[in-house]
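2 protein chains.
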Amino acid sequence: MEMQSQGYTEDECYRKLRTAIVDGTLMPAQRLVEMDLARWLGASRATVRTVLARLEQEGLVERERYRGARVRHVSHEEAVEILEVRMALECIIARYAAERATDDEIDKIEELLGWMREKFEEGDLVSYSEGNARLHRTIAEMSRHSTARRLLDTLNSQNVRYQYRTILAPGRSHPSLLEHTAIVQAIAGRDADAAEQAMRKHLSHVCDTLRKMRSGP
Amino acid sequence: MEMQSQGYTEDECYRKLRTAIVDGTLMPAQRLVEMDLARWLGASRATVRTVLARLEQEGLVERERYRGARVRHVSHEEAVEILEVRMALECIIARYAAERATDDEIDKIEELLGWMREKFEEGDLVSYSEGNARLHRTIAEMSRHSTARRLLDTLNSQNVRYQYRTILAPGRSHPSLLEHTAIVQAIAGRDADAAEQAMRKHLSHVCDTLRKMRSGP
DNA sequence: TACGCAATATTGTATGACAAAATAGTATGC
DNA sequence: GCATACTATTTTGTCATACAATATTGCGTA
Chain A
200 MEMQSQGYTE DECYRKLRTA IVDGTLMPAQ RLVEMDLARW LGASRATVRT VLARLEQEGL
260 VERERYRGAR VRHVSHEEAV EILEVRMALE CIIARYAAER ATDDEIDKIE ELLGWMREKF
320 EEGDLVSYSE GNARLHRTIA EMSRHSTARR LLDTLNSQNV RYQYRTILAP GRSHPSLLEH
380 TAIVQAIAGR DADAAEQAMR KHLSHVCDTL RKMRSGP
Chain B
200 MEMQSQGYTE DECYRKLRTA IVDGTLMPAQ RLVEMDLARW LGASRATVRT VLARLEQEGL
260 VERERYRGAR VRHVSHEEAV EILEVRMALE CIIARYAAER ATDDEIDKIE ELLGWMREKF
320 EEGDLVSYSE GNARLHRTIA EMSRHSTARR LLDTLNSQNV RYQYRTILAP GRSHPSLLEH
380 TAIVQAIAGR DADAAEQAMR KHLSHVCDTL RKMRSGP
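Residue numbers (the working numbering), protein chains in the order written: chain A, 200 to 416; chain B, 200 to 416.
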């Protein structure tokens, strides 16, 4: 009787596979063969199956009976849908962030915004884009609205590939910076209505940009 | 060698367990022991585990390592959060429903509204409440916005227990009927803005009602 | 009664089995 | 040469069983 080679836990496998999908290591429509994943993750087929089930529920994976799982492809139309829903949710969290932010948190996002402005002025749009993502994440935390936050998280993971593009669209970064400034100012001023409006305006512009990019992947 | 008693499929188990949670057969905080479920569902433990993983991802079940799964308890605060998000999503679908509805579909919701009015006048608030749920579901279908629809579905399943109460709140059914009439009229008139406004108004009232009921379960 | 320890129950994970279905590969007929 | 039918292989869906890790329970003792 030999040792049962204890592999990774379900949760570790979940995170690893999820990351691989979100960061593009695994491409959309790519087949996810259970035994291959099991070997790669160092886990059993059973564990892999439950992980795939979770990821399906989350919308990152598609499973067809007897035909296995594959990375879900997000169409351009769906990316727009997702962004519309995001807009609605981000309005909620912007409102709550304005109401519930602590002084420390406000310092933090103002600092972050300053950093983003620097990067923008340096022409480093990739870093700027990262700051953008971090800003939205931070505001979500500040809102303390766990339901909206959770949904936003899953939605964001579904269309990361579309995120960069909108910011890199020609002439889109400067308005983007102004819009983010307005959002931060509204939150700093604890003006819930203004925060929601600023966020809505920002995301409706992102939405327009995305809609115009019919040449999507 | 005897026949391997082929039980129910994962999906059947998923639906059965989900229904049991949503309709209250299984109470919140109730422990879900894997072997018990396996026997009840006529499936193996492995199948039950993947089903539980899916339901956890969906927010209907909570799992704690080495302590098993239990039906998730939705606090009053969370019910309000969920309703807020629902409001945002229902505004989206109301807008799209107004834009995309076919004549047949409009006939259908007008008919449904008539039925609800009857039930209301008969004082049959339980049937009225069912009609209410059906109306919202139908509008969601009409919107053809699969992302918003999917999220709404999961959210609704999480707080069904709170749904009835708001309608049965004293003096709440008559305004509810008027609000629903306004929504249907806006959609029938293909007025997206009006539909969104009517829906927002309706749900903000439901939200207020729920907020006032601090005596929730 | 409170505490500590042993007995029990339950979960987390792995393995191996096998039927069902899909897919790939091969032979056959034209 | 190509379409078609049949067979082999792969992969999935499900089950049973095993066992370590942990949680829970129950009991005996101070």
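A virtual CB, placed ideally from N, CA and C, is assigned to each residue, including glycine.
- In the structure shown, residue 263 of chain A falls within a strand segment according to DSSP collapsed to helix, strand and coil.
- Taking 7 Å as the upper bound on Cβ-Cβ separation, chain A lies near no residue of the region 216-240 of chain B.
- One Cα belongs to residue 214 of chain B, the other to residue 297 of chain B, and the distance between them is close to 32 Å.
- Contact between the region 378-391 of chain B and the region 288-303 of chain B is present, with at least three C-beta pairs closer than 8 Å.
- For residue 284 of chain A, the nearest CB of chain B lies under 7 Å from its own CB, placing it at the interface with that chain.
- Counting C-beta pairs closer than 8 Å gives three or more between the region 302-313 of chain B and the region 325-335 of chain B, which meets the contact rule.
- Rounded to the nearest whole angstrom, the CA to CA distance from residue 267 of chain A to residue 252 of chain A is 11 Å.
- When DSSP states are grouped into helix, strand and coil, residue 268 of chain B belongs to the strand group.
- Where residue 325 of chain A is concerned, the enclosing alpha helix (DSSP H) starts and stops at 324-342.
- Taking a beta-carbon distance threshold of 7 Å, residue 276 of chain B does not count as an interface residue toward chain A.
- When 8 Å is used as the limit between beta carbons, residue 257 of chain A is near these residues of chain B: 256, in chain order.
- Rounded to the nearest angstrom, the Cβ distance from residue 279 of chain A to residue 270 of chain A is 20 Å, too far for a contact under 8 Å.
- In its chain, beyond the 5 residues on either side, 260 have a beta carbon closer than 6 Å to the beta carbon of residue 254 of chain B.
- In terms of beta-carbon proximity, residue 291 of chain B lines the interface with chain A, with at least one pair separated by less than 7 Å.
- The alpha-carbon separation between residue 249 of chain A and residue 304 of chain A amounts to approximately 38 Å.
- In the three-state reduction of the DSSP assignment, residue 248 of chain A falls in the helix class.
- In this structure, residue 345 of chain A lies away from residue 292 of chain A, with their beta-carbon atoms at least 7 Å apart.
- Nearest neighbour of residue 264 of chain A by Cα position, chosen from B:211, B:242, B:402, turns out to be B:211.
- Shortest Cα-Cα distance from residue 306 of chain B to any of B:412, B:384, B:399, B:405 involves B:384.
- Counting the other CB atoms within 10 Å of its CB gives residue 411 of chain B a total below 16, which places it among the exposed residues.
- Residue 249 of chain A belongs to the set of residues whose beta carbon lies under 7 Å from a beta carbon in chain B.
- For residue 280 of chain A, the chain B residues whose Cβ falls inside 8 Å of its Cβ are 344, 345, 346, 347, in order along the chain.
- For the set B:207, B:208, B:206, B:218, the Cα lying nearest the Cα of residue 356 of chain B is the one of B:218.
- Between the alpha carbons of residue 376 of chain B and residue 351 of chain B lies a distance of about 21 Å.
- Cβ contact annotation for residue 272 of chain B (same chain, cutoff 6 Å, sequence separation greater than five): 227, 228, in chain order.
- Contact of residue 288 of chain B with chain A by beta-carbon distance below 8 Å involves 284, 287.
- Residue state for residue 376 of chain B is assigned as helix, using DSSP reduced to three classes.
- Closer than 7 Å to the CB of residue 245 of chain B there is at least one CB belonging to chain A.
- Rounded to the nearest whole angstrom, the C-alpha separation of residue 275 of chain A and residue 347 of chain B is 16 Å.
- Here residue 230 of chain B is bridged, per DSSP, to B:269.
- The beta-carbon distance between residue 247 of chain B and residue 236 of chain B, rounded to whole angstroms, is 5 Å. This is short enough to meet the 8 Å contact definition.
- With respect to chain A, the C-beta atom of residue 252 of chain B has a partner C-beta closer than 7 Å.
- If you draw a 10 Å sphere on the C-beta of residue 400 of chain A, you find fewer than 16 other C-beta atoms in it, and that means exposed.
- Residue 350 of chain B reaches chain A at 284, 350, counting residues in chain order whose Cβ is nearer than 7 Å.
- As the crow flies, the alpha-carbon of residue 318 of chain B is around 16 Å from that of residue 378 of chain B.
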